[in-house]
Every structure is written in C-alpha cells, then in structure tokens.
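Below you'll find the structure, written out as structure tokens, and then a few comments.
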Amino acid sequence: MKGSRLAWGALLALVLLVGLVAVAPARLIGLVAPSNQIVLQGFSGTIWQGSAAQCLLRLPNGALHLGRVSWSLKPLSLVLLAPHVELTSAWGNQVIAGQVILRGSRDLEMRDLDARFDADLVRQFAPLALDGSLSVQLQQLTLENGLPTESAGRVVWQQAAWRSPQGLVPLGSYALEVQQPKNEPLLGEVVTLSGPLQASGTIGLTGRRYDIDLLLSDENGFAAGLRQALSLIANPEGDAWRVILSNEF
C-alpha cells in the first residue's frame, strides 16, 4: 500500500512538473539567451509558443534588427539536444520565416527559409553602393563551425540599381541559383532576369575561400561612372567587363 501511494505521488509530481513546464512564460528564454549575441524585449506567450516585440542580433560587422519575432518550439527536439524552432520575424519591409535546428553554438540547420529585405541591409555589412530588394528562398542550409556544408536555394535581386554620385543607375533583376551537395563546395550560378545590364557567371565557396567569375555587359553601353567603378575590380573583355575575384574571409 505504501509503495502504491509513493507511485501515485511520483506520478502526480510528474504531471505537475509537465504542467508547469507547459505554461512556462516566454520571458524565461531571455534568461538563457546569450546577451552578447541576442537582445529580446517584450515577451508574450510561453517558451513553446510565444513572441518578442523586439529582437536584435549582434553580429561581428554590426547589429541586425529582426523586429517582432514569433516562435514555435518542438518539445521532443529538446530531448534530442537539437532544439527545432519555427520562426517568423517582421521589421518594416524585412520579413523572415523558416525552421531552425540548433546543433551547437556555431552549428545549425535551416529549412524552408523565406526572407525578403531591402539592399540597405547589405550596406550595413559591406561598403556597396547598391539599391533594390532581395529575396532568399532556401530549401536547405546547414552550417558547421559557421560555414555552409549543404545548401540548396535561390537568391533574387530585384530592381537592382547602383548609387552613383549623379543618382540611381538602374541595372536590372538577377538570380543566384545555389546548390551544394553535402560536404562539397558551394556553387552558385548567376543569371539575368531582366534589365539593360546583363550578368552571367558563377560564385563558389570552398571552406573560407570564395571565387567569383562574372561577365557583365550593357546593351545600352555602360554609364561613365559605372565603367569607372568597374575598372577598379574588373578587366575589359571586348565591350564587356570580366569580374574575377578570389580570396578568403
């Protein structure tokens, strides 16, 4: 009889524990999130399904605002020590949605990622005088030690433009088709969707080494300012310009 009471007591304690965890408030995430990498404010909901009114990622080259972030965490993934989270975020015209599986501080997997943002975001991290909007659709992206080891998807740059001293110079719309079988180099093919500036070529990444080989031509002739800018990074090839860059980051 005593053993039966102990068993019932243990079962009741387990039920109470599960109940408490199930309604654990979302603000508890703020206690375990690395404050040197992520800032979260304005919590609502639970740790399993909740949101934060503001989210800020601290990156080596600057801060990335994600705005309002909502998440759904799969409980079983915690048992497997690989938290599986479905995320959505909105910050002005910037929208991000997808699934993230965390496997370590620098190891993660993204699935069904759909992101849209202005080229202004790129200028925060690289000194490029570019304009337009970018969209990213990735079926798969696996990072190990911060580097991609498997990926598949597409990046589209729409209404691209170059910010010249005289104003915006329209370029066109372009796509980068990315394929990377597991543990092989990443390879992206650049294609022109529309516009006067035609671009074609490849972008590759092997470990920390990137290789870029692009051919640029303009059916209307290159604007003087753009031609001068290209002369700093490209070589003339007939009426076109060839951009070949190779380095490590």
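Taking our numbering, the leading residue of the sequence shown gets -11, the next gets one more, and so forth. Glycine included, each C-beta is placed from N, C-alpha and C at the ideal position. Everything numeric in this text was worked out from a predicted model, so none of it was measured.
Would residue i be called buried (16 or more neighbouring beta carbons within 10 Å of its own) or exposed?
i           : result
residue 25  : exposed
residue 224 : exposed
residue 35  : buried
residue 178 : buried
residue -4  : A caution first: residue -4 carries a pLDDT of 44, below 50, which makes its placement in the model unreliable, though a value can still be read off. So residue -4 ends up on the exposed side.
residue 19  : exposed
residue 195 : exposed
residue 159 : buried
residue 167 : exposed
residue 210 : buried
residue 227 : exposed
residue 54  : buried
residue 253 : Any question about residue 253 goes unanswered here, given that the chain covers just -11 to 237.
residue 80  : exposed
residue 69  : exposed
residue 187 : buried
residue 212 : exposed
Helix, strand or coil for residue i? Go by DSSP, reduced to three states.
i           : result
residue 3   : A caution first: residue 3 carries a pLDDT of 41, below 50, which makes its placement in the model unreliable, though a value can still be read off. It is helical.
residue 68  : coil
residue 111 : helix
residue 129 : strand
residue 21  : coil
residue 213 : helix
residue 135 : strand
residue 220 : coil
How many whole angstroms separate the CB atoms of residue i and residue j, which I take to be in contact at a CB cut-off of 8 Å?
i           : j           : result
residue 122 : residue 145 : 6 Å
residue 93  : residue 84  : No, residue 93 and residue 84 are not in contact; Cβ-Cβ is about 21 Å, not under 8 Å.
residue 31  : residue 46  : Actually they do not touch by this definition, with Cβ atoms about 19 Å apart.
residue 99  : residue 82  : Contact doesn't hold; Cβ gap of about 20 Å is too wide.
residue 12  : residue 29  : Not really, about 18 Å apart at Cβ, beyond 8 Å.
residue 164 : residue 176 : 5 Å
residue 229 : residue 220 : Not quite, the Cβ-Cβ distance comes to about 11 Å (not below 8 Å), so this is no contact.
residue 118 : residue 148 : 7 Å
residue 189 : residue 199 : No, residue 189 and residue 199 are not in contact; Cβ-Cβ is about 10 Å, not under 8 Å.
Notebook entry, point to check: Is there contact between the segment 100 to 110 and the segment 62 to 71, where contact requires at least three CB pairs shorter than 8 Å?
Noted result: no
Note to self: Does the structure place the segment 123 to 138 close enough to the segment 152 to 161 that three or more beta carbon pairs sit under 8 Å?
What the structure shows: As far as the Cβ criterion goes, the segment 152 to 161 does not touch the segment 123 to 138, which means the pair count is below three.
Notebook entry, point to check: Does the segment 120 to 129 touch the segment 141 to 151, meaning 3 or more C-beta pairs lie closer than 8 Å?
Noted result: yes
Notebook entry, point to check: Are the segment 204 to 215 and the segment 161 to 177 touching, with three or more C-beta to C-beta distances below 8 Å?
Noted result: no
Notebook entry, point to check: Taking only runs of the beta strand (DSSP E) that begin and end inside the segment 39 to 94, which ones reach a length of at least 3 residues, in chain order?
Noted result: 50 to 53, 56 to 61, 72 to 79, 82 to 90
Next item on the list: Quick one: which unbroken beta strand (DSSP E) runs of 3-plus residues sit fully inside the segment 164 to 197? Chain order, please.
Entry: 174 to 182, 185 to 194
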